[in-house]
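Numbering (our numbering), first residue to last: 1 to 91. Step one of this worksheet: look at the structure below.
Structure representation (structure tokens):
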């Protein structure tokens, strides 16, 4: 657990890795967080989120052939009943 938190911190505290800088990590509304996938060029290329997130995608300028979605597999067999994470991808 400690390793996971420290690894997250290496990314979250690096202004080069976070749109809006590290201060944006806790300040960005989850509904706004995938918007970087829809800029040209994309500001992010992968965005983990729940399956409802497409409801917050832009209504215009969405080219479906450049976007894809997939589920992460459960990390343990016994965790299969926890559901799976949904990931959006910009290519």
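Note that CB positions come from ideal geometry on N, CA and C, so glycine has one too.
| Check | Outcome |
| --- | --- |
| Residue 34 and residue 47 closer than 8 Å at C-beta | yes |
| Burial state of residue 1, where buried means 16 or more other Cβ atoms lie within 10 Å | exposed |
| Cβ-based neighbour list, residue 15, same chain, cut-off 6 Å, excluding 5 preceding and 5 following | 21, 22 |
| Residue 6 - containing alpha helix (DSSP H), residue span | 2-12 |
| Pair within 8 Å by beta-carbon distance, residue 17 and residue 8 | no |
| Local conformation of residue 54 per DSSP, three classes | helix |
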